[in-house]
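To keep things clear, I will list the structure first and then write my remarks on it.
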Amino acid sequence: RIMRPDDANIAGNVHGGTILKMIEEAGAIISTRHCNSQAGEPCVAALARVERTDFLSPMCIGEVANVSAEITYTSRHSVEVQVNVMSENILTGAKKVTNKATLWYVPLSLKNVNKVLEVPPIQYARKEQEDEGKKRYEEQKLDRLETKQRNGDVIFPVINPEPHTVGYSQSSLIHLVGPSDCTLLGFVHGGVTMKLMDEVAGIVAARHCKTNIVTASVDAINFHEKIKKGSVITVSGRMTFTSNKSMEIEVFVDADPFVDESRGRYRAVSAFFTYVSLSKEGKPLPVPQLLTETEEEKRRFEDGKGRYLQTKAKRQAQMQQAAQH
Amino acid sequence: RIMRPDDANIAGNVHGGTILKMIEEAGAIISTRHCNSQAGEPCVAALARVERTDFLSPMCIGEVANVSAEITYTSRHSVEVQVNVMSENILTGAKKVTNKATLWYVPLSLKNVNKVLEVPPIQYARKEQEDEGKKRYEEQKLDRLETKQRNGDVIFPVINPEPHTVGYSQSSLIHLVGPSDCTLLGFVHGGVTMKLMDEVAGIVAARHCKTNIVTASVDAINFHEKIKKGSVITVSGRMTFTSNKSMEIEVFVDADPFVDESRGRYRAVSAFFTYVSLSKEGKPLPVPQLLTETEEEKRRFEDGKGRYLQTKAKRQAQMQQAAQH
Amino acid sequence: RIMRPDDANIAGNVHGGTILKMIEEAGAIISTRHCNSQAGEPCVAALARVERTDFLSPMCIGEVANVSAEITYTSRHSVEVQVNVMSENILTGAKKVTNKATLWYVPLSLKNVNKVLEVPPIQYARKEQEDEGKKRYEEQKLDRLETKQRNGDVIFPVINPEPHTVGYSQSSLIHLVGPSDCTLLGFVHGGVTMKLMDEVAGIVAARHCKTNIVTASVDAINFHEKIKKGSVITVSGRMTFTSNKSMEIEVFVDADPFVDESRGRYRAVSAFFTYVSLSKEGKPLPVPQLLTETEEEKRRFEDGKGRYLQTKAKRQAQMQQAAQH
Chain C
1 RIMRPDDANI
11 AGNVHGGTIL
21 KMIEEAGAII
31 STRHCNSQAG
41 EPCVAALARV
51 ERTDFLSPMC
61 IGEVANVSAE
71 ITYTSRHSVE
81 VQVNVMSENI
91 LTGAKKVTNK
101 ATLWYVPLSL
111 KNVNKVLEVP
121 PIQYARKEQE
131 DEGKKRYEEQ
141 KLDRLETKQR
151 NGDVIFPVIN
161 PEPHTVGYSQ
171 SSLIHLVGPS
181 DCTLLGFVHG
191 GVTMKLMDEV
201 AGIVAARHCK
211 TNIVTASVDA
221 INFHEKIKKG
231 SVITVSGRMT
241 FTSNKSMEIE
251 VFVDADPFVD
261 ESRGRYRAVS
271 AFFTYVSLSK
281 EGKPLPVPQL
291 LTETEEEKRR
301 FEDGKGRYLQ
311 TKAKRQAQMQ
321 QAAQH
Chain G
1001 RIMRPDDANI
1011 AGNVHGGTIL
1021 KMIEEAGAII
1031 STRHCNSQAG
1041 EPCVAALARV
1051 ERTDFLSPMC
1061 IGEVANVSAE
1071 ITYTSRHSVE
1081 VQVNVMSENI
1091 LTGAKKVTNK
1101 ATLWYVPLSL
1111 KNVNKVLEVP
1121 PIQYARKEQE
1131 DEGKKRYEEQ
1141 KLDRLETKQR
1151 NGDVIFPVIN
1161 PEPHTVGYSQ
1171 SSLIHLVGPS
1181 DCTLLGFVHG
1191 GVTMKLMDEV
1201 AGIVAARHCK
1211 TNIVTASVDA
1221 INFHEKIKKG
1231 SVITVSGRMT
1241 FTSNKSMEIE
1251 VFVDADPFVD
1261 ESRGRYRAVS
1271 AFFTYVSLSK
1281 EGKPLPVPQL
1291 LTETEEEKRR
1301 FEDGKGRYLQ
1311 TKAKRQAQMQ
1321 QAAQH
Chain S
2001 RIMRPDDANI
2011 AGNVHGGTIL
2021 KMIEEAGAII
2031 STRHCNSQAG
2041 EPCVAALARV
2051 ERTDFLSPMC
2061 IGEVANVSAE
2071 ITYTSRHSVE
2081 VQVNVMSENI
2091 LTGAKKVTNK
2101 ATLWYVPLSL
2111 KNVNKVLEVP
2121 PIQYARKEQE
2131 DEGKKRYEEQ
2141 KLDRLETKQR
2151 NGDVIFPVIN
2161 PEPHTVGYSQ
2171 SSLIHLVGPS
2181 DCTLLGFVHG
2191 GVTMKLMDEV
2201 AGIVAARHCK
2211 TNIVTASVDA
2221 INFHEKIKKG
2231 SVITVSGRMT
2241 FTSNKSMEIE
2251 VFVDADPFVD
2261 ESRGRYRAVS
2271 AFFTYVSLSK
2281 EGKPLPVPQL
2291 LTETEEEKRR
2301 FEDGKGRYLQ
2311 TKAKRQAQMQ
2321 QAAQH
């Protein structure tokens, strides 16, 4: 698909959210196809989780996005999909890897959306592939349980905030879920939710540093709760941490099925996005430090620093490993 | 929400219709939420009327639109919502008030769309607020009745019209109502209708003066008739009046539920839009005078002049009042 | 890409225009990529012509559209692309061929849009492929010249038309060309134009027979004139012919680059669309006969009948040929 002006920011960089949406659509297609490959109850694959995703190089208006997806592991009730995105400049022929993402889907029955069906197993070329997949499966399962606990936070508005404080850049948007946002089951596509989350995170980042910003990475996102057609989604973001050249933004998604009496507003998803600020030449710019005021903000800043250092250490370990080979 | 290239004209000014659509969405959400706040029949709030709205300053691509909504009055069967729109340049931090709009909603039962439900009353901080709200309620009710009468006019096409005549710039579009245009009840969102109306009015204005034009204000719009999913909407606009620096365009919306044999084409909405022409520096430009030919056109020109002078007088009175305080 | 409610009519059938748009995007990507495959002036491939296209089976909401494209011939200044569209029901795994389309593109210089560049030749597996391609090239060139002549017709409005007359169903829409409608060169994508044409043709067909209608085929379309960003497009359609179970609609596209003083309104494209009416079970329904009134209408009806009989004869010849093999 050719990237259009609406897919991008003013500087011409395609929004991370647009890319996440394409990734999720590819994942949903391949996993729904797989889960229906054996005769049985028809089902639709619903996104349960996206692993941490790095945006390796920016994509621009006029470039073509090539999205390819492959099923890499199946457990009894879930499918792991690896999606690769390449940006291709069809004028120069240059191709660059933009993303490699890993997504987990769960097949829900078309007749009864609360029923999770069984997944047909895939064949592995080598035994190790299955073992490694199983390890990834166990890890993500644990992480899913953890995030389910901590989902209770709320963003309060601040009157007349100072620049570079948390309150200054925090933002939220509401969106009424329309039919085109939804799967055949009548629930919001995970990709649509991620696109809205990236939009809010981008506004928070731009308000903080007042320059051109791009998505650098997204931490693992768990989709604990489905969001029904006709609901109102509130997406809120606040900055949690800044390093010299990056900003971490926490994003919450709350769903309010407000016509449906049986249920009040609930937290559907939360995630951390990392942004960098780019100069006109595409070089990373220094980021103003986040001013933390309350105890809570200081704690979150330290937590963010922890995640930042952990990611940095992991990346360095990978690079050393790669250098040794 | 960040304003994108598709939200704006070539000069980068966000279409008035895009803003009206955001306003209406915010109003629909807050009033639907309010009307469902007490146990009872679930309902969806349908737009009944938008009060006259001024576009105080243009919004541009890349700016963030901040929309806030508040319920200011409830009658037995209707809700008054005040919506404010601010444009924020997230690079400079500059904020400007773009619009203040007042909308009236009516709760329709989800089970039976022809049933208007009761609205839970709101609490007023001061008794005067309730009295003033009641006054506004009575006034709009009267105006609604009046416009219901005069809704019969049709736009006839003109062959080979001269520049600056009514026939030269008049325009119409048809639109097939899709699922995303509709509420849960299967009727077109008022905001979608207003966006189409602004689109036609803008084309009429641009055809007349062949420059960059922006919406300056919209007169009160009454939504007498619902429009069903699958209908074809015809939106037609014709210029009625020009002052030195503004153009008034009358817009009609006709709905044709053509698959539904029981009903023919009907007039759903009509309204007056005022446009100004802007130079590249954003200064208002003189507008070519409208050439009226028929008796009808001359009468409509005089009516438009009346509305123009009345608005001007009202604005001057407000300014004097403000200066005295 | 998964087909969404917005891509389809109320009966759930994806609009022919949506499919044409996907086809054209695939064609534009592959031919732009090919034309830039050798070092030289960068260029963008612009759609010059689409050959007659049949819609072999309907596509539905929730199905996945698989689009594949291949370059089948190159002349000095043009590229022939064959695009195949398959619909895949990812729940049942059923796949059906929806379309086979042939498109011609011309490479325009990115620096000077009026300069047509040379196309790098492709390699043919067999000499006959080149000869057949050359034959197709010559044929389309002739047809292009012919349609360039006959492009002058205008649709006049009719007051109070009788049901089933030409005037009763004729329709037109206007569209302001936005940034997302355009290529890197700032001209409207051929696919966007075809989608609007199909939208109008579909409304004409639905107004005539007041049932669920789907696109059955599109005659060859020639794109003689580019349409610039910021123009207003008027798309008008009128019925020209009905057989027992099909309707032929002629569609005109006029462009008005109204900010650009140097040029008035001009005819950009015209084409014939054929629609059929479907019952709830997807069976073709009889179509009310078109009532022709003027001499012109009768002549166009006979011309349409000629095209209809010619297509029918061709199809029968192909079937006999297929049976003999």
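Protein chains in written order, with my numbering: chain C, 1 to 325; chain G, 1001 to 1325; chain S, 2001 to 2325.
Yeah, the Cβ is synthetic: ideal placement off N, Cα and C, and Gly gets one too.
Predicted model, so just to flag it, every value in this text is computed and none were measured.
Length of the line joining the Cα atoms of residue i and residue j
i, j, result
"Thr2102 (chain S)", "Glu2051 (chain S)", "5 Å"
"Thr368 (chain C)", "Glu63 (chain C)", "With chain C covering 1 to 325 only, the question about residue 368 (chain C) has no answer from this structure."
"Arg2267 (chain S)", "Ser1171 (chain G)", "17 Å"
"Lys1141 (chain G)", "Ile1221 (chain G)", "12 Å"
"Leu20 (chain C)", "Met194 (chain C)", "7 Å"
"Val1079 (chain G)", "Val1067 (chain G)", "18 Å"
"Met2086 (chain S)", "Asn2099 (chain S)", "7 Å"
"His208 (chain C)", "His15 (chain C)", "18 Å"
"Ala1004 (chain G)", "Cys1060 (chain G)", "This sequence places Arg at residue 1004 (chain G); Ala is not what is there. Near 9 Å, if we compare the C-alpha coordinates of Cys1060 (chain G) and Arg1004 (chain G)."
"Lys1127 (chain G)", "Tyr1073 (chain G)", "12 Å"
"Met2129 (chain S)", "Val2177 (chain S)", "The identity of residue 2129 (chain S) in the sequence shown is Gln, whereas the question assumes Met. If I take the Cα positions, the gap works out to 39 Å."
"Pro1058 (chain G)", "Thr1215 (chain G)", "9 Å"
"Met1111 (chain G)", "Thr32 (chain C)", "Per the sequence presented here, residue 1111 (chain G) reads as Lys, with Met not at that position. Rounded to the nearest angstrom, the two C-alpha atoms are 33 Å apart."
"Val2116 (chain S)", "Ala2028 (chain S)", "15 Å"
"Gln2324 (chain S)", "Gln2310 (chain S)", "21 Å"
"Val1997 (chain S)", "Val2166 (chain S)", "Coverage of chain S is limited to positions 2001 through 2325, which leaves residue 1997 (chain S) absent and any answer about it impossible."
"Pro107 (chain C)", "Met247 (chain C)", "35 Å"
"Asn1089 (chain G)", "Lys1095 (chain G)", "6 Å"
Three-state secondary structure assigned by DSSP to residue i
i, result
"Phe1301 (chain G)", "helix"
"Met1022 (chain G)", "helix"
"Ile1159 (chain G)", "coil"
"Asp219 (chain C)", "coil"
"Tyr70 (chain C)", "Per the sequence shown, the amino acid found at residue 70 (chain C) is Glu instead of Tyr. Three-state result, Glu70 (chain C): strand."
"Asp2007 (chain S)", "helix"
"Leu173 (chain C)", "strand"
"Leu2291 (chain S)", "strand"
"Thr2053 (chain S)", "strand"
"Asp1254 (chain G)", "strand"
"Pro1058 (chain G)", "coil"
"Ile203 (chain C)", "helix"
"Leu2142 (chain S)", "helix"
"Val192 (chain C)", "helix"
"Ile2030 (chain S)", "helix"
Segment limits, alpha helix (DSSP H) that includes residue i
i, result
"Lys210 (chain C)", "Looking at the DSSP string, Lys210 (chain C) is not in any alpha helix (DSSP H), and its letter there is neither H nor E."
"Gly1237 (chain G)", "Element bounds for Gly1237 (chain G): not the alpha helix (DSSP H) but the beta strand (DSSP E), Val1232 to Thr1242."
"Ser1169 (chain G)", "Val1166 to Ser1169"
N-terminal and C-terminal residue of the beta strand (DSSP E) that residue i is part of
i, result
"Tyr2124 (chain S)", "First-last for Tyr2124 (chain S): undefined, no H or E at that position."
"Ser2087 (chain S)", "Val2079 to Glu2088"
"Val1276 (chain G)", "Tyr1266 to Leu1278"
"Cys2043 (chain S)", "Cys2043 to Val2050"
"Leu2103 (chain S)", "Lys2095 to Ser2109"
Neighbour list for residue i in chain A, Cβ cutoff strictly below 8 Å
i, result
"Thr32 (chain C)", "Judged by its chain identifiers, the structure shown contains no chain A, and its protein chains are C, G and S."
- What are the residues of the segment 1058-1083 of chain G that lie near chain C, defined by any Cβ-Cβ distance shorter than 9 Å? Taking 9 Å as the Cβ-Cβ cut-off against chain C, the residues of the segment 1058-1083 of chain G that qualify are Ile1061, Gly1062, Val1064, Asn1066 and Val1067.
- Query: What residues in the segment 1-30 of chain C bring their beta carbon closer than 9 Å to a beta carbon of chain S?
  - Reply: Arg1, Ile2, Arg4, Pro5, Asp6, Asp7, Glu25, Ala28, Ile29 and Ile30
- Message: Residues of the segment 1213-1245 of chain G in Cβ contact with chain S at a cutoff of 9 Å, in chain order, please.
- Response: Lys1229, Gly1230, Val1232 and Thr1234
- For the segment 2161-2186 of chain S, which residues have a beta carbon sitting closer than 8 Å to at least one beta carbon of chain G? Ser2171, Ser2172, Leu2173, Ile2174, His2175, Leu2176, Gly2178, Pro2179 and Ser2180
- Using a Cβ cut-off of 9 Å, which residues of the segment 1197-1208 of chain G contact any Cβ in chain S, in chain order? Under the 9 Å Cβ criterion, the segment 1197-1208 of chain G contributes Glu1199, Val1200, Gly1202, Ile1203, Ala1206 and Arg1207.
- the segment 82-98 of chain C: which residues have C-beta closer than 8 Å to a C-beta of chain S, in chain order? Glu88, Ile90, Leu91, Thr92 and Gly93
- Relative to chain C, which residues along the segment 2037-2051 of chain S have a C-beta separation below 8 Å, given in chain order? Ser2037, Pro2042, Cys2043 and Val2044
- Query: Between the segment 1097-1118 of chain G and chain C, which residues of the former have CB atoms less than 7 Å from a CB of the latter, in chain order?
  - Reply: Along the segment 1097-1118 of chain G, the positions whose C-beta sits under 7 Å from a C-beta of chain C are Leu1110, read in chain order.
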